[in-house]
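Enquirer:
2 protein chains.
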Amino acid sequence: MVSDANVRRIPRESLERHHPKGTAMRQEAPAVEIGLNAAIVAVLDNEPVVLVVREDGNGAQDSLPSGPFSPLKHRTFEGGLRTWVSDQTGIELGYVEQLYSFGDRGRHAQPDDEMPHVVSVGYLALTDAGQIEDSQRGSWRSWYHYFPWEDWRKGRPAILEAEIIPRLREWAERPQQTAEPARPIARQDRVRMCFAIDGAAWDEEKVLDRYELLYEAGLVEEARRDGREAALAWAPTPRLGAMMRFDHRRILATAIGRTRAKIKYRPVIFELMPPEFTLFELQRTVEAILGPHLHKQNFRRLVEGAGLVEPTGEMKTRTGGRPAKLYRFRKEVLLERPAPGVRVKPGRV
Amino acid sequence: MVSDANVRRIPRESLERHHPKGTAMRQEAPAVEIGLNAAIVAVLDNEPVVLVVREDGNGAQDSLPSGPFSPLKHRTFEGGLRTWVSDQTGIELGYVEQLYSFGDRGRHAQPDDEMPHVVSVGYLALTDAGQIEDSQRGSWRSWYHYFPWEDWRKGRPAILEAEIIPRLREWAERPQQTAEPARPIARQDRVRMCFAIDGAAWDEEKVLDRYELLYEAGLVEEARRDGREAALAWAPTPRLGAMMRFDHRRILATAIGRTRAKIKYRPVIFELMPPEFTLFELQRTVEAILGPHLHKQNFRRLVEGAGLVEPTGEMKTRTGGRPAKLYRFRKEVLLERPAPGVRVKPGRV
DNA sequence: CTACATATGCTCGCATTGAGCATTAAATGG
DNA sequence: CCATTTAATGCTCAATGCGAGCATATGTAG
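The following block contains the structure:
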């Protein structure tokens, strides 16, 4: 099928370009710095929160805990990240996963010999509310503070119809810049799919797509800060969520989307729970992440039936009604099923 | 809920450490180079293949097309990757997605002031067989050449029982090094879940987990090359799949796992198909990626029912049997459903 | 013409899942 | 102490999804 006759060599100089053996290369590759960034998520009183650090002074922006990767001090990205977070916030992270690497952190920043180019590696960390007391510095803010249009807990957020959709429709109808690369999907359709208009369903996982669309359309402050053309074309627009430093809001958007997706097929929801909990508390936590749309009895059936939890034998009495059984995460489920998670269906409202 | 009283400032020096304003930082951060690597996948005669470049000389290893990211020349990682691939192989990539960033490319390489530390950003690219003619350099190899234990097309691969499982069992029972970090899952259980023994089901998406396990156990050549302790503990072991340069086999493992996962919820399978195809050809392509386990009639029902394809009106006659209708990908499905894909169930054998 | 290989249509039964009804058990206010 | 309120929990039912198999259609190879 794949004959060896097909094996052709690539020219020597091409090989050397990508596998530098000497130091000549060093001059060619300008300084690059790798920024490690953590979106540390917890659920506090049914509110999904993220740990941010704040600068003082004017125009203060929130940042995610972060620091540069140093190959001399850090054996791995994740190790470096844990060190930075511990130093900056006093938190020892538990569950951590890599999200994405962004090559264009200060997107429109011009290349510059003085300042190193910084790329961002984003991480998601999940922690339970008990851990929160350990946070020495930094503050926990609702992630909906940065993404109000993602908050469907009281139904479809008003900001969508009031501010976002009309401007996006206008933007979609603007004559396109020729510079824009040929997109497989037209602006109109992207708006429709991302923001659930004209009959499309809201997909709670498309957090990054929505943010990127708003950025492209120049409707988030970061776009203006970065000097995006589309942003300058608008008359003053209302603030859509709080800005963050650098590309940190983009990283947070990735984190939210990943969290929402992941709890459906991996038992990561329990990283956000205390060791013992009632099924309704578990449901409230899932709903804080995804939006409230779960049928209580079916949720119970789902979670128990999947073997995700087991009763501790204890009861919780101060529930406001009948006492509830306490449960704990059943770790053995990891050994039984390939993809255990809270398999709630996508595409609800 | 999240009161502002919670807002505490982080110490100034901590901020400056992670948001360097001046150039003093430059000395602190050693040179880091970012390697962009592409696993370019196609399906050729029902064989999943990946594009590799080969060096000549002794101990030749296959590499993925790759090159360093240069912020001066490349606006984004993906742009840089496309440039390198085009230069090295003559291929203009279509579908591309980022896989993962590895901070420890030459895992056990010691930090060194002379050579820059290289981190790898891996990408997955999918292309259809028609594009293959355009490949000027490099060769297409079955991805099972590098991962023979992933090839379930003729049933459970013999290499599992013959070579892999016995050694993994032995490794799992070895006294653990104290240096090993406390793992949430014991070696025994990791082996069991990854390689589907003792009743566990084979999860075709866990390609990376399996490779990492073999690496940790010292059973792949890369582990020996990198001087891993576990590798040196073995008497000579059989070669388990072909080695690749640097961490390229790890990137390819990630690519295979991602491809297998992704075709189930995004219509990326069509990136691997010619513009027109029969349903059986489509099924064969899915099976080349996942393993052969699909019920023909149900596959047809699934694909047609999901609106993933539409008939072209043409027929294909040289099928070996009754002529088959030709279909094409129905792009509108992207505008109709949030997660269209070939939703075959996980956990089959 | 016949055997064969594939394409395609259809049915049946089980498992999953959405939705709702009914009952139980504590806390609370009179 | 009782009635009311608020949850927790048990159960049913219908719609749908999905695995499996039967049956038939229509080419090609010999």
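First to last, the protein sequences are chains Y and U.
Take the first sequence: its position 291, counted from the start at 1, is 291 in our numbering, and no numbers get skipped.
With the second sequence counted from 1, adding 1000 to any position gets you our numbering.
Heads up, the beta-carbon is just placed ideally off N, CA and C, and yes, glycines get one too.
Model, not experiment: these values are computed from the prediction.
Kindly indicate which three-state DSSP category Lys1061/U falls into: helix, strand or coil?
Expert: Numbered from its first residue, the second sequence carries residue 1061/U at position 61. Strictly speaking, residue 1061/U in this sequence is Gln, with Lys absent from that position. Gln1061/U: coil per DSSP, three-state reduction.
Enquirer: Against Gly1103/U, what residues of chain Y qualify as contacts under a CB-to-CB distance less than 7 Å, listed in chain order?
Expert: Reading the second sequence from its first residue, position 103 is the one you call residue 1103/U. Under the 7 Å cutoff, chain Y gives Phe69, Thr76 and Phe77.
Enquirer: By the three-class DSSP mapping on this structure, what secondary structure does Arg239/Y have?
Expert: Translated into the one-based positions of the first sequence, residue 239/Y becomes position 239. Note: Arg239/Y maps to coil in three-state DSSP.
Enquirer: Using the beta-carbon of each residue, which ones in chain U are nearer than 9 Å to Ile34/Y?
Expert: As a working note, residue 34/Y is residue 34 in the first sequence. Per Cβ cutoff of 9 Å: Ala1029, Val1032, Ile1034, Ser1101, Gly1103 and Val1119.
Enquirer: Output, in chain order, the set of chain U residues within a Cβ distance shorter than 9 Å of Gln283/Y.
Expert: On the first sequence, residue 283/Y is found 283 positions in, with the first residue counted as 1. What Gln283/Y touches in chain U: nothing, since even the nearest Cβ is about 18 Å away.
Enquirer: Among the residues of its own chain, which have a CB less than 6 Å from the CB of Asp1062/U, if the five just before and after it don't count?
Expert: As a position in the second sequence, residue 1062/U is number 62, starting the count at 1. Once the five neighbours on either side are set aside, the close Cβ partners of Asp1062/U are Val1052, Arg1054 and Met1244.
Enquirer: Whether or not the segment 299-316 of chain Y and the segment 330-347 of chain Y are in contact is what I'm after, with contact meaning three or more pairs of Cβ atoms, one per stretch, closer than 8 Å; do they touch?
Expert: Yes, since at least three Cβ pairs between the segment 330-347 of chain Y and the segment 299-316 of chain Y fall closer than 8 Å, the two stretches touch.
Enquirer: Taking just the CA atoms, how far does Glu92/Y sit from Val395/Y?
Expert: Examination of residue 395/Y is not possible in this model, given that chain Y is present from 1 through 349 alone.
Enquirer: Determine, for Gly977/U, whether the minimum Cβ-Cβ distance to residues of chain Y falls below 9 Å.
Expert: Residue coverage of chain U in this structure runs from 1001 to 1349, which leaves residue 977/U outside it and unanswerable.
Enquirer: Is the beta carbon of Gly1122/U closer than 9 Å to that of Ala1038/U?
Expert: The residue labelled residue 1038/U in the question sits at position 38 within the second sequence. The residue labelled residue 1122/U in the question sits at position 122 within the second sequence. Yes. Within cutoff.
Enquirer: Could you check where the alpha helix (DSSP H) with Tyr144/Y kicks off and where it finishes?
Expert: The residue you call residue 144/Y lines up with position 144 of the first sequence. That residue, Tyr144/Y, is in no alpha helix (DSSP H); it is neither H nor E in DSSP.
Enquirer: Answer with buried or exposed for Val344/Y, where buried requires no fewer than 16 other C-beta atoms within 10 angstroms of its C-beta.
Expert: Position 344 of the first sequence, counted from the start, is the residue given in the question as residue 344/Y. Under this definition Val344/Y is a buried residue.
Enquirer: Could you tell me which of Arg1228/U, Phe1329/U and Gly1035/U sits nearest to Phe1277/U, measuring between CA atoms?
Expert: Residue 1277/U sits at position 277 when you count from the first residue of the second sequence. It is Phe1329/U.
Enquirer: How about Ala1172/U and Ala1186/U: do their beta carbons lie closer than 9 Å?
Expert: Counted from its first residue, the second sequence places residue 1172/U at position 172. Counted from its first residue, the second sequence places residue 1186/U at position 186. Contact flag set, yes.
Enquirer: With a threshold of 8 Å on Cβ separation, who are the neighbours of Glu1078/U within its own chain once the five nearest residues in sequence on each side are excluded?
Expert: Locating residue 1078/U in the second sequence gives position 78, where the first residue counts as 1. Val1096, Gln1098 and Tyr1123, listed in sequence order.
Enquirer: Among Phe102/Y, Tyr327/Y and Gly320/Y, which has the Cα closest to the Cα of Glu436/Y?
Expert: Past the edges of chain Y, shown from 1 to 349, lies residue 436/Y, and the structure says nothing about it.
Enquirer: Considering only the alpha carbon of each residue, which of Asn46/Y, Lys316/Y and Glu221/Y lies closest to Arg239/Y?
Expert: On the first sequence, residue 239/Y is found 239 positions in, with the first residue counted as 1. Closest by alpha carbon: Glu221/Y.
Enquirer: So the candidates are Ala230/Y, Glu336/Y, Pro292/Y and Leu252/Y; which of them puts its Cα closest to the Cα of Tyr146/Y?
Expert: Here residue 146/Y is taken as the residue at index 146 of the first sequence, counted from 1. For the residues Ala230/Y, Glu336/Y, Pro292/Y and Leu252/Y, the minimum Cα distance to Tyr146/Y belongs to Leu252/Y.
Enquirer: Can you list, in chain order, the residues of its chain with a C-beta nearer than 7 Å to that of Ser142/Y? Leave out the 5 residues immediately preceding and following it.
Expert: Counting from one through the first sequence, the residue named residue 142/Y turns up at place 142. Cβ within range, chain order: Glu47, Pro48 and Val49.
Enquirer: In chain U, what lies closer than 7 Å to Asp189/Y by C-beta?
Expert: By 1-based counting over the first sequence, the position of residue 189/Y is 189. Going along chain U in sequence order, the residues near Asp189/Y (Cβ under 7 Å) are Leu1335.
Enquirer: Which first and last residues belong to the alpha helix (DSSP H) in which Glu304/Y is found?
Expert: The residue you call residue 304/Y lines up with position 304 of the first sequence. Where Glu304/Y is concerned, the enclosing alpha helix (DSSP H) stretches over Lys296 to Gly305.
Enquirer: Could you check which residue in Glu336/Y, Phe280/Y, Arg228/Y and Arg167/Y has the C-alpha nearest to that of Gly321/Y?
Expert: For this step, residue 321/Y is matched to residue 321 along the first sequence. Residue Phe280/Y is the option with its Cα nearest to Gly321/Y.
Enquirer: Have a look at Arg284/Y and Ser86/Y and give me their C-alpha separation to the nearest angstrom.
Expert: Translated into positions along the first sequence, residue 284/Y becomes position 284. Translated into positions along the first sequence, residue 86/Y becomes position 86. About 29 Å.
Enquirer: Is the separation between the beta-carbon of Glu1287/U and that of Arg1250/U shorter than 9 Å?
Expert: Reading the second sequence from its first residue, position 287 is the one you call residue 1287/U. Reading the second sequence from its first residue, position 250 is the one you call residue 1250/U. Against a cut-off of 9 Å, the Cβ pair of Arg1250/U and Glu1287/U comes out as no contact.
Enquirer: With a threshold of 6 Å on Cβ separation, who are the neighbours of Gly1257/U within its own chain once the five nearest residues in sequence on each side are excluded?
Expert: Counting from 1 along the second sequence, the entry for residue 1257/U is found at position 257. The answer, listed in chain order, is Glu1205, Val1207 and Leu1208.
Enquirer: State the start and end residues of the unbroken beta strand (DSSP E) segment that holds Lys1316/U.
Expert: Locating residue 1316/U in the second sequence gives position 316, counting from the first residue. Taken as a continuous stretch (DSSP letters only), the beta strand (DSSP E) holding Lys1316/U covers Val1309 to Lys1316.
Enquirer: Going straight from the alpha carbon of Asp1189/U to that of Lys331/Y, what length do you get?
Expert: The residue labelled residue 1189/U in the question sits at position 189 within the second sequence. The residue labelled residue 331/Y in the question sits at position 331 within the first sequence. Their backbone Cα atoms lie some 12 Å apart in a straight line.
Enquirer: Distance check for Cys1194/U and Gly1130/U, CA to CA, integer angstroms please.
Expert: The residue given as residue 1130/U occupies position 130 in the second sequence. The residue given as residue 1194/U occupies position 194 in the second sequence. So the two alpha carbons sit approximately 35 Å from each other.
Enquirer: Closest by CA to Thr259/Y, which one among Leu290/Y, Ile34/Y, His248/Y and Pro274/Y?
Expert: Looking up residue 259/Y in the first sequence gives position 259. Checked all of Leu290/Y, Ile34/Y, His248/Y and Pro274/Y; the closest Cα to Thr259/Y is Leu290/Y.
Enquirer: Buried or exposed for Ser1262/U, going by 16 or more other Cβ atoms inside 10 Å?
Expert: Residue 1262/U sits at position 262 when you count from the first residue of the second sequence. According to the sequence shown, residue 1262/U is Lys rather than Ser. Lys1262/U comes out buried.
Enquirer: Put Gln176/Y into one of helix, strand or coil per three-state DSSP.
Expert: Against the first sequence, residue 176/Y aligns to sequence position 176. In the structure shown, Gln176/Y sits in coil (DSSP, three-state: anything other than H, G, I, E or B).
Enquirer: With DSSP run on the structure shown, which of helix, strand or coil describes Tyr215/Y?
Expert: Translated into positions along the first sequence, residue 215/Y becomes position 215. Here Tyr215/Y sits in helix by DSSP.
Enquirer: Determine the extent of the beta strand (DSSP E) in which Leu1252/U is found, giving its start and end residues.
Expert: Within the second sequence, numbered from 1, the residue matching residue 1252/U stands at position 252. Here Leu1252/U belongs to no beta strand (DSSP E); instead the alpha helix (DSSP H) covers His1248 to Lys1262.
Enquirer: So who's on the other strand from Tyr1123/U, going by DSSP bridges?
Expert: Residue 1123/U sits at position 123 when you count from the first residue of the second sequence. Tyr1123/U is bridged to Ala1038/U and Gln1098/U.
Enquirer: Check the DSSP bridge columns for Arg54/Y and list the partner residues they point to.
Expert: As a working note, residue 54/Y is residue 54 in the first sequence. According to DSSP, which records beta bridges pairwise, Arg54/Y is partnered with Asp62/Y.
Enquirer: Going by Cα to Cα distance, which pick from Pro1166/U, Ile1132/U and His1117/U is closest to Asp1045/U?
Expert: Here residue 1045/U refers to the residue found at position 45 when the second sequence is read from its first residue. For the residues Pro1166/U, Ile1132/U and His1117/U, the minimum Cα distance to Asp1045/U belongs to Ile1132/U.
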